[in-house]
Amino acid sequence: MTFDFDVGLNRRASSSTKWEKFSSDVLPMWVADMDFAAPDFVIAAIRQRLDHPILGYTDQPESLNVAFQNWLQRHYGWKVEADWLVWLPGVVPGLNLACRAHFGRGQRLKVMIPTPVYHPFLDVAQNSGMVEQRVPMAVSNGRWEMDFDRMQAVLDDQTGALLICNPQNPTGRCYSTGELQKLADFVVRNDLLLVSDEIHCNIILEPGCRHQPVAQIDPEIARHTISLFAATKIYNIPGVSCAVAVIPDPNLREQFKEARAGLVSGIGPLGFVASEAAFNDTGQWIPELVAYLRGNYTVLRESLGERLAKLDATYLAWIDVSDLRIVDSEAHFAAHGLGISPGAQFDGPGYVRLNFGCPRSMLKEGIARLERGIAASRV
Ligand SMILES: Cc1ncc(COP(=O)(O)O)c(C=O)c1O
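So for the sequence shown, the numbering used here puts the first residue at 366; every next one is plus one.
Now the structure itself:
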């Protein structure tokens, strides 16, 4: 093993959002930020950049475009042009800009969003003066799926965009090629803009699954899609704030850039170098991280059984607590020493989300606290 994921690091003195939220007797397993050191080659790239003592405004280096293009080619066989890429300080600004870009010209005002979903999706419509159309996903044998019948039923002539997340946060689904094909047909047939947040790519737990960017399916769906990527989840560098939108359609790309102007700041030089080092990685980080997370997932499944959604991907466990007598799940589990994300935040009441991207010893302590919280609230 090149990387040791069992090492526990004290993050309390680092103003960590994750570790500052709760009091010191609460183990934080909420926000999507792992408790593993980022890989040495990423840290080395940042150190090297610091050899130059001026951290001025910085343009994205051409070498970053090349690193990301090669990364898409290596992982998916997807060939994209450098001028399709628009760099951003985050995926969340990308979600918002995508909607503003599309609707800035008085087009169809409704945004369809399958739920539960990562909570900033639920603010996008309102942020952009649009109307949200939430469509509940379906659950089949513990696995969450897009419900195309419901989506079709909700769709109307004002629906202009569809926002998805794949691999999906919080349900851990990685959509199959069949589902993506169906999604692509739905989008093209109804002439929608598809915004696809693919930030959790590469963290695939289910050996039979393969993550595929939806825009790669064919050129037609690519023209309808803004795909959002970042190295920040996979390499555990979310604080460096760097992401990228892939926008093959030139008009859509120009509208997106216009929407960005004056609203979104540039990216810091450390975000660029860290991302470039990550996208150039061809070593053992991803396989070893995924193997460790699979081990954590197994430990969780052994403890939680059917409560745990069947995860294809991500390090986020989606746990059914709907049979328990809990009013406020965040406060309830915090009182038992565990910081989780309440499902209601994602439009998934009756669930909690637990981040298991941490050393196994910490996970076991978290599970013990979770079980105490569950035992205390049985009906
Ligand atoms: C699905 C998803 N999208 C976006 C983000 C945040 O991305 P960024 O920090 O680049 O805005 C997260 C972070 O948890 C996420 O889970």
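Just so you know, even glycine gets a beta-carbon here, dropped at the ideal spot from N, CA and C.
With fewer than 16 other beta carbons inside 10 angstroms of its own, S380 counts as exposed. In this structure the stretch 606 to 620 does not lie against the stretch 726 to 744, because fewer than three pairs of beta carbons, one per stretch, are closer than 8 Å. When A709, A696 and R473 are compared, the shortest CA-CA separation from I739 is found for A696. With a cutoff of 9 Å on beta-carbon distance, F401 and P603 are scored as not near each other.
The secondary-structure analysis by DSSP pairs Y716 across a beta bridge with D685. Counting along the chain, Q498 sits inside the beta strand (DSSP E) bounded by residues V496 to P501.
Annotation: W443 is outside any beta strand (DSSP E) and is labelled neither H nor E by DSSP. Minimum Cα-Cα distance from Y716 among the listed residues V482, P454, E510 and Q546 corresponds to V482. W683 has its alpha-carbon roughly 11 Å from the corresponding atom of R666. In this structure, L635 is the residue among V457, L635, I691 and I564 with its C-alpha nearest to the C-alpha of Q413. If you draw a 10 Å sphere on the C-beta of V445, you find 16 or more other C-beta atoms in it, and that means buried. Assigned with DSSP and collapsed to three states, K475 falls in strand. Boundaries cannot be given for D369, as no beta strand (DSSP E) includes it and DSSP labels it neither H nor E. Under the DSSP definition of a beta bridge, P393 partners with G704.
Here Y662 is buried: its Cβ has 16 or more other Cβ atoms, across all protein chains shown, within 10 Å. Going by DSSP, V609 is part of the beta strand (DSSP E) stretching over A608 to V611.
By the beta-carbon neighbour count (other beta carbons within 10 angstroms, threshold 16), L681 is buried. Residues of the same chain with a CB within less than 8 Å of the CB of T382, apart from the 5 flanking positions on each side, are V396 and D398 in chain order.
With a beta-carbon spacing of about 5 Å, R672 and D685 fall inside the 8 Å limit used to define contacts. Checking the 8 Å criterion, the Cβ of S606 is within range of a heavy atom belonging to ligand 1. In the three-state DSSP reduction, C530 falls in the strand class (E or B).
By the Cβ rule, the stretch 517 to 533 does not count as touching the stretch 635 to 648, because fewer than three pairs are nearer than 8 Å.
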